[in-house]
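Engineer:
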Amino acid sequence: MENTLQGDTLDEQVRELLNMILRNVENNRGDYYTNAIYEKAEREIRRIEDMRWQANMKRREEKFHAIEEKIVKRYQQKSDEEKEKLKKLRNQLRELKENREKNREKIDALTREIKEQELLLNESQSDTNDDFHITLDGLRNQLADRKTEEYEDSLKIDELTNIRNETLERIENKLHEMCRNEIENEYEKFNELQRAEERDTIREQAATWNGEMLGKALKTGYEILTLLLPKL
2 MENTLQGDTL DEQVRELLNM ILRNVENNRG DYYTNAIYEK AEREIRRIED
52 MRWQANMKRR EEKFHAIEEK IVKRYQQKSD EEKEKLKKLR NQLRELKENR
102 EKNREKIDAL TREIKEQELL LNESQSDTND DFHITLDGLR NQLADRKTEE
152 YEDSLKIDEL TNIRNETLER IENKLHEMCR NEIENEYEKF NELQRAEERD
202 TIREQAATWN GEMLGKALKT GYEILTLLLP KL
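Each number in this note's numbering corresponds to the 1-based position in the sequence shown with 1 added.
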């Protein structure tokens, strides 16, 4: 019997040990004991696994709590980063909106001034028309520039508003959901690993059973694993 084996391989080693001893019992007591006692041994293994699982629940919870805290801390850091990003986005949006409002006010002022200049041009004498045209051209160029800037600001505001909304959604919902899902997945994997470790511990102990001890336990009708495994 190899004491360094684990999992299914160790289960098979224990199975072989039980069968070997049960064959010896069979020679002395008859065919009946082979399946009945083996099934009893399997039930005892499962029973003790469950007992140990329940007994160690608090220890497992404390152990997993440390894992959970690391996950929560990591997502909290992500949330803080997203909040800082959101703060910068809000500042950018405020500045863009203020700039767009100034451009709109300037556009209104230029539009009024252009109309006034056009009116003066229509009323002016021919020898002053060139000056009016130069002034009007300058005002119209300024108006075109302001409209272009106002349009670009509006596009940028729409873009940043979408980014802000997505960031806010991540902070309020997605990060929380991702954190919860990761904790649930890690808890499931953690329990599977702990189950395997508990099982291997029992199988390792079973692999050290003395054949004479097991044979005596079988013949005297004691609870096999309760007798042979250390008490909880």
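The beta-carbon is built from N, C-alpha and C at its ideal position, and this holds for glycine as well.
(1) Give me the Cα-Cα distance between H177 and K74, rounded to the nearest whole angstrom.
(2) Kindly indicate the opening and closing residues of the alpha helix (DSSP H) around S80.
(3) Are S80 and I184 touching if we call contact CB-CB under 7 Å?
(4) Out of curiosity, what's the CA-to-CA distance linking N166 and H134?
(5) Beta-carbon within less than 6 Å of L137's beta-carbon, same chain only, minus the 5 sequence neighbours each way: which residues are those?
(6) Taking only runs of the alpha helix (DSSP H) that begin and end inside the region 117–202, which ones reach a length of at least 4 residues, in chain order?
(7) Please check the pair E104 and D154, which I expect to be a contact at CB under 8 Å, by giving their CB distance rounded to whole angstroms.
(8) Between I115, I68, L161, I72, which has its C-alpha nearest E96's C-alpha?
(9) Take E199 and list the residues in its own chain whose beta-carbon comes closer than 8 Å to its own, dropping the five residues that flank it on each side.
(10) What do you reckon, are the CB atoms on E124 and L140 nearer than 7 Å?
(11) So the candidates are E151, E193, L90; which of them puts its Cα closest to the Cα of K107?
(12) Please classify R196 as buried or exposed, where buried requires at least 16 other C-beta atoms within 10 Å of its C-beta.
(13) When you compare only the Cα positions, how much space is there between E193 and E70?
Structural biologist: Let me lay it out:
(1) Taking the CA atoms as reference points, H177 sits about 12 Å from K74.
(2) Note, S80: alpha helix (DSSP H), 58–124.
(3) No, Cβ-Cβ distance for S80 and I184 is not below 7 Å.
(4) Cα-Cα distance, rounded: 48 Å.
(5) The residues are Q118.
(6) Entirely contained in the region 117–202, the alpha helix (DSSP H) runs reaching 4 residues are, in chain order, 130–170.
(7) For clarity, residue 104 is Asn in the given sequence; the question names Glu instead. Right, the Cβ-Cβ distance comes to about 7 Å (below 8 Å), so this counts as a contact.
(8) Ranking I115, I68, L161, I72 by Cα distance to E96 puts L161 first.
(9) Hits under 8 Å: E50, R53, W54, N57.
(10) Contact: no.
(11) Residue E151 is the option with its Cα nearest to K107.
(12) Burial is judged here by how many other beta carbons sit within 10 angstroms of a residue's own beta carbon; R196 has fewer than 16 and is exposed.
(13) Looking at the two C-alpha atoms, the distance is approximately 20 Å.
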